[in-house]
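Asker:
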Amino acid sequence: MGLAHGRFRHCRHSRCSVRSRILGLGCSLRSRLPPVPRLSTDHRTRRRRMDDRCRRRRGDRSPSGGSHAHRGNRLRGGAAARQPVLAHRAGLRPALRRRDRTRTRALPLAEMGLWPLGVGHRLRCAGAELLGGEPLLPGLGARMEADQRGFRNRLGRRHRRRSRVAHREGPCGKRGARRLPRREGAPCAPGTRRCPCRVSMHRASTHLRARGLTWTPWGAEPTLVGIDLEVGVGERVLITGASGSGKSTLLRALAGVLVDYAPGDLTGEVSSGAGEGVVCLLLQNPTDQVVAGTVGRDVAFGPENLGITGDSLHAIVRRSLGSVGLRHLAPDRRSTHLSGGQGQRLALAGLLAMQPSALLLDEPLAMLDHESAAEARTAIVRVAEHSGSALVIADHDLAGWWPHIDRVIVLEHGRIVFDGSPEDASAHLHSPELWLPGASPPAEPIEIAWQPDPAAEAPDAEPRLSGYGLGYSTSSGTRLASADIELKPGDGVAVTGPSGAGKTTLLRLLAGWYRPSRGVLMASTSLRGAHPQEPYRWASKDLAARIAFMGQNPDRGIVAKTVLEEVLLTRRLTGRFTRKDIPRAGRLLECLALDHAEARNPHTLSGGEQRRLAIAAAVASDAPVVLLDEPTVGQDRSTWRGIRAAIELLRQHGRSLAVSTHDARLSPFLNIHAEIRPVSGEHRS
């Protein structure tokens with residue numbers, strides 16, 4: 001200790017505490033020990049060598065720290081990595097739970113068994129065999145390495161053997177240009193120099209076939225019953241029927257993603273033929289298919305996974321965006337800052353960029369104005385004609401598609417009741433539920449069995465909500481330039497304008513979701529009571545009691561376990577619920593054709609049924625102000641009549657109503673029309 005004490009007298013730690021002196025003693029003793037000889041590279045384990053390589057590539061790590069795939073160096077034997085993709089949303093089999101999200105490099109789809117919705121379930125090289133139907137990695141529970149070689153090292157012995165065989169033979173049945181060592185083995189990726197075969201954007205078309213197809217969701221009645229269907233190469237088929245008849249379910253089944261979408265029992269046979277190609281599916285809610293953070297990356301996602309790179313990829317992205325009317329959007333525009341109509345066109349552009357051999361579209365024009373819908377329809381037909389793709393469309397509005405289709409299929413309660421040519425359909429179909437060409441809106445009124453609370457009715461004509469010069473801007477640009485609006489008792493305001501002009505933004509400002517960047521928004525004394533004038537300063541409970549808002553995607557606002565509970569939820573939260581409301585809500589659901597689904601989970605309903613459920617909840621809330629965003633999307637003639645009756649009921653009982661819509665048939669039932677123009681002549685969200 002004398003030596004140690006003497007050292008401390010001359011050490012810089014001499015004036016520190018006892019703990020610091022002990023630490024200093026440890027440092028001095030460790031410095032006197034001889035250095036430990038470092039093992040050579042040959043004696044170190046392969047895992048340690050790979051870890052060292054990963055540490056030298058820390059710059060490739062995602063700066064956000066989130067559970068996204070991040071952009072890095074091009075993978076060995078594969079296309080460039082993408083950003084961002086949530087692995088569990090892209091369709092890994094088996095699906096990962098939320099706590100199992102993994103931040104990983106995006107790998108080629110054919111290599112990992114990664115089948116994203118909208119990309120399809122048959123990715124092949126030219127004249128190639130598919131590289132296995134299941135992913136090479138059954139469970140993905142740990143973070144993958146920073147490059148593909150590290151990814152291979154984390155696999156078990158059995159999977160490493162499969163990887164090596166896959167590279168040796170290649171999906172095209174040929175050897176690669178250069179065989180890699182076992183520890184660097186990787187499947188032959190289409191479109192790269194590792195593979196002798198090349199990917200062509202002009203692939204042979206695929207025919208779709210279903211035999212005895214029956215789908216029964218767990219805890220519900222069968223949605224599809226005994227479907228026998230075959231779609232030939234280059235055929236154009238229109239599937240129609242009443243809301244909830246099974247159109248969307250049939251498209252998911254033909255695309256091969258039905259089992260991954262919802263739990264249930266699937267019997268029968270579904271195949272896409274023996275031909276090569278890509279089957280693409282556009283969902284009813286297209287924003288669920290946006291997988292990248294920017295517009296350009298999202299459109300390039302599919303072609304890039306097919307091996308298209310460089311100038312060819314940029315040309316495909318520009319051409320696809322221009323074909324759907326989005327040529328004015330910059331490629332680096334944030335995809336989360338688009339309107340519903342722009343999001344629908346963006347998802348459609350991503351599908352058209354892949355030149356699919358089979359294109360399945362679920363109401364592709366539902367949220368577009370007349371001009372944008374005509375442009376998108378022309379682009380779809382042009383791609384189908386150019387590539388010979390099989391085209392299957394599920395839609396209620398038949399007039400626009402009538403000149404372009406070869407065949408009409410009508411579904412009723414999950415069964416095919418008509419399958420024939422458009423000429424035969426015009427002569428034999430007289431269903432009151434179908435929007436046949438030339439059909440006018442139904443004139444017979446429907447009486448809504450719900451008497452609103454008289455306390456919510458205003459005796460005077462004072463505007464409940466008044467907005468002057470309302471504007472809203474974000475870091476991505478101006479979403480609403482300037483708008484003046486007044487909502488008086490009994491008024492019905494139709495908010496119209498081109499897709500992306502700012503209609504949804506205006507409704508969200510009125511609903512108190514956004515704080516205006518410009519202008520003034522005031523609530524009347526009868527509406528706000530003792531609360532501040534600006535709705536965005538109210539508590540959520542106060543907003544729900546005074547302003548009922550149905551968003552563009554009503555499925556995102558569903559919180560109850562059953563349909564009946566969802567209708568009465570607002571009354572329970574605001575303390576206005578009584579036992580008499582239960583039979584009243586049942587009669588309201590009957591008027592909106594939802595009486596058969598009172599005990600069902602709202603998330604199992606179709607898109608049109610979820611929209612009617614949100615309208616029923618808005619009517620039952622007895623809120624003085626009701627805001628509806630695209631209420632008639634996904635409705636047949638019969639359910640459209642029920643929505644019109646609900647709007648008339650709200651106006652008759654003194655509610656202040658604002659409806660954003662592209663449906664010209666609904667405008668005559670609203671007494672005020674407000675048109676919003678895009679900023680500087682451009683379509684913005």
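Residue 685, in our numbering, is where the sequence shown stops; the numbers in between run on with no holes.
We put the CB at the ideal spot given by N, CA and C, even for glycine.
Predicted model, so just to flag it, every value in this text is computed and none were measured.
(1) When the Cα atoms are used, what is the spatial distance from threonine 562 to arginine 211?
(2) Unbroken alpha helix (DSSP H) runs of length 4 or more, entirely within the stretch 245 to 284: which are they?
(3) Taking its Cβ as the centre, do 16 or more other Cβ atoms sit within 10 Å of tryptophan 215, making it buried, or is it exposed?
(4) Roughly how many angstroms separate the alpha carbons of serine 660 and threonine 570, rounded to a whole number?
(5) Would you grab the beta carbon distance between arginine 464 and serine 524 for me? Rounded to a whole angstrom, and I think it's under 8 Å.
(6) Would you list, in sequence order, the uninterrupted alpha helix (DSSP H) runs of no fewer than 4 residues that lie entirely inside the stretch 464 to 514?
(7) Going by beta-carbon coordinates alone, are leucine 627 and leucine 521 separated by less than 8 Å?
(8) Indicate whether at least one CB of chain C lies closer than 8 Å to the CB of alanine 399.
(9) If you draw a straight line from the C-alpha of threonine 378 to the C-alpha of arginine 537, how long is it?
(10) Going by the CB atoms, is the gap between leucine 326 and leucine 346 shorter than 8 Å?
(11) Compute the distance between the beta-carbons of glycine 634 and alanine 366, then report whether it is under 8 Å.
(12) Could you check how far apart the C-beta atoms of leucine 224 and isoleucine 239 are, in whole angstroms? I think they sit under 8 Å.
(13) In chain order, what residues of the same chain lie with their CB nearer than 7 Å to the CB of proline 516, ignoring the 5 residues before and after it?
(14) Between valine 495 and alanine 658, which are expected to be in contact by the criterion C-beta below 8 Å, what is the C-beta distance as a whole number of angstroms?
(15) May I ask you to list the residues that DSSP assigns as paired with proline 217?
(16) Measure the CB-CB distance between histidine 413 and serine 245 and report whether it falls below 8 Å.
(17) For glutamine 652, is the classification buried or exposed, using 16 other Cβ atoms within 10 angstroms of its Cβ as the cut-off for buried?
(18) Which of helix, strand or coil does DSSP assign to leucine 107?
(19) Contact defined as beta carbons within less than 8 Å: I believe serine 357 pairs with serine 387. What is the distance between those atoms, to the nearest angstrom?
(20) Quick one: what does DSSP say arginine 345 is sitting in, helix, strand or coil?
(21) Which first and last residues belong to the beta strand (DSSP E) in which arginine 518 is found?
(22) Measure how close the beta-carbons of leucine 282 and arginine 252 come, nearest whole angstrom, since I'm counting them as under 8 Å.
(23) Suppose the cutoff is 6 Å on Cβ atoms and the five residues either side in sequence are ignored; what does the same chain contact list for serine 466 look like?
(24) Among Gly400, Asp332, Val278, Arg576, which residue has its Cα nearest to the Cα of alanine 623?
(25) Return the first residue and the last residue of the alpha helix (DSSP H) that glutamate 375 is part of.
(26) Would the stretch 405 to 420 and the stretch 256 to 267 be scored as touching if the rule is three or more Cβ pairs under 8 Å?
(27) Enumerate in chain order the residues of its own chain whose CB-to-CB distance from glutamate 462 is below 6 Å, with the five nearest sequence positions on each side excluded.
Answerer: Taking the coordinates as given:
(1) Between threonine 562 and arginine 211, the C-alpha separation is close to 33 Å.
(2) You should have 247 to 255, 258 to 261.
(3) In this structure tryptophan 215 is buried. Its beta-carbon is surrounded by 16 or more other beta-carbon atoms within 10 angstroms.
(4) So the alpha carbons of these two residues sit roughly 22 Å apart.
(5) Yes, they are in contact, since the Cβ atoms of arginine 464 and serine 524 sit about 5 Å apart, within 8 Å.
(6) Within the stretch 464 to 514, the complete alpha helix (DSSP H) runs of at least 4 residues are 503 to 510.
(7) In this structure, leucine 521 does not lie closer than 8 Å to leucine 627 by Cβ.
(8) You won't find chain C in this structure, because it holds only one protein chain.
(9) The straight-line gap separating the alpha-carbon atoms of threonine 378 and arginine 537 is approximately 46 Å.
(10) Their beta carbons are under 8 Å apart, which means leucine 346 touches leucine 326 by this criterion.
(11) Yes. Within cutoff.
(12) Leucine 224 to isoleucine 239, Cβ: 12 Å. No contact.
(13) The beta carbon of proline 516 sits closer than 7 Å to those of Leu470, Gly471, Tyr472, Leu509, all from its chain and outside the five residues before and after it, given in chain order.
(14) Indeed they touch by this definition, with Cβ atoms about 6 Å apart.
(15) In the DSSP output, where bridge partners are listed per residue, proline 217 has Gly264.
(16) Inclusion of histidine 413 and serine 245 in the CB contact set at 8 Å is warranted, their separation being smaller than that value.
(17) Exposed.
(18) Because the pLDDT at leucine 107 is just 34, under 50, the model does not fix this residue reliably, and the value given afterwards should be weighed accordingly. Coil.
(19) About 7 Å separates the two Cβ atoms, so the contact holds.
(20) In the structure shown, arginine 345 sits in a helix (DSSP, three-state: H, G or I).
(21) Per DSSP, arginine 518 belongs to the beta strand (DSSP E) from 518 to 523.
(22) Contact between leucine 282 and arginine 252 does not hold, since their C-beta atoms are separated by about 11 Å, which reaches or exceeds 8 Å.
(23) Around serine 466: Glu486, Met522.
(24) Minimum Cα distance to alanine 623 is reached at Arg576.
(25) Boundaries of the alpha helix (DSSP H) harbouring glutamate 375: 370 to 387, taken from the DSSP string.
(26) At 8 Å Cβ cutoff, the stretches do not touch.
(27) Same-chain partners within the cutoff: Ser524.
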